[in-house]
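60 is the number that my numbering gives to position 2 of the sequence shown; each next residue is one higher, with no gaps.
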Amino acid sequence: MVGAILIVELLSLGSRQSGFFESYIAGAEIYKSIRKSKSKSKSKKVLLGDSVAKQLFDNEGNPYIQSLACNRAISLAGHYILLQNYLRAGNRPDSVYLMCTPFSFQNNLDEIYTFHYFLKPFYKTEYQEFLNETVRAQAAKIPSRFLLNSQYILATDWAPPYESSDKKVETFLSPISLEYLSKMSDLSQKYNFEFSLIPAPIRADRLSKVDDLEKNISGHPLEEKLLSFYNNIWTINENKFVDKEHLKKDILNFYSKKAFDKLLVISKK
59 MVGAILIVEL LSLGSRQSGF FESYIAGAEI YKSIRKSKSK SKSKKVLLGD
109 SVAKQLFDNE GNPYIQSLAC NRAISLAGHY ILLQNYLRAG NRPDSVYLMC
159 TPFSFQNNLD EIYTFHYFLK PFYKTEYQEF LNETVRAQAA KIPSRFLLNS
209 QYILATDWAP PYESSDKKVE TFLSPISLEY LSKMSDLSQK YNFEFSLIPA
259 PIRADRLSKV DDLEKNISGH PLEEKLLSFY NNIWTINENK FVDKEHLKKD
309 ILNFYSKKAF DKLLVISKK
């Protein structure tokens, strides 16, 4: 049995090192963004964002911008780590955009997806200096964290059936979102780039659900940018979506161009 476990672990390690696991694992786009964030780029404009942003500015190659957009489940802590990777690779953008739906700001690493989509790719020695006390406290609540040492677990979709028992949903700006927005702003000053918040489109029938966002903006150091984000939220008819958040594939070209125009307008304000 020990020999069988060792073989499985070695095969899983090989799958991860070769990148083969990206062909079947859920959330493969996260690992592609991590790999891309560590590479040199000539682009002066880089975009971070959730899966809706990825639809509009794909991370596998985009003619408009260097896109690291991937998934909301990594939270703003994960997007911050991608940005740190990008800067540490020697890249010096003049503009960094964070594009997401307003609902992505709710993520406080207290979801069923946190183990697979955040802990597996980011909760490692390499990134410990970027994880603040709030992130560590949230991670400490998740059972089976010791299994992050298993190559088999890292190379598969397995995750414990966890969802936080003290999850708070009354605010659109979770503690982790607030803290890491400030961290990104600090990086913009350190590396002299413009940092902009760009809303991704939402379904028209969900617009009423974002009213609480404005209530939580007042007094934040990034109040002006957050208000701009809120005031520029745009909607698309629900029949253009395949689910609550994602657009149908046959209209992506049209809306990606529209999103790029909106990005340019907002970033110049």
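Cβ coordinates follow ideal geometry from the N, Cα and C atoms, glycine included.
The alpha-carbon separation between Tyr249 and Arg150 amounts to approximately 7 Å. Where Pro257 is concerned, the enclosing beta strand (DSSP E) starts and stops at Glu252 to Pro257.
About 7 Å separates the CB atoms of Ser232 and Phe163; that is less than 8 Å, so the two are in contact.
Straight through space, the alpha carbons of Met59 and Gly107 are spaced by roughly 43 Å. The region 232-319 contains, as complete beta strand (DSSP E) runs of 3+ residues, the segments 252-257 (chain order). If you look at Ser153, you'll find it in the beta strand (DSSP E) that goes Ser153 to Cys158.
By the Cβ rule, the region 209-229 does not count as touching the region 109-126, because fewer than three pairs are nearer than 8 Å. Look at the beta carbons and you see the region 181-201 not touching the region 291-303: under three pairs across the two are nearer than 8 Å. In this structure, Leu105 places its C-beta atom within 9 Å of the C-beta atom of Met157. Cβ contact annotation for Ala84 (same chain, cutoff 6 Å, sequence separation greater than five): Asp215, in chain order.
The shortest C-alpha to C-alpha distance from Lys283 to any of Ser109, Arg93, Tyr82 and Ser243 is the one to Ser243.
By the neighbour-count definition (other C-beta atoms within 10 Å, threshold 16), Ala317 is a buried residue.
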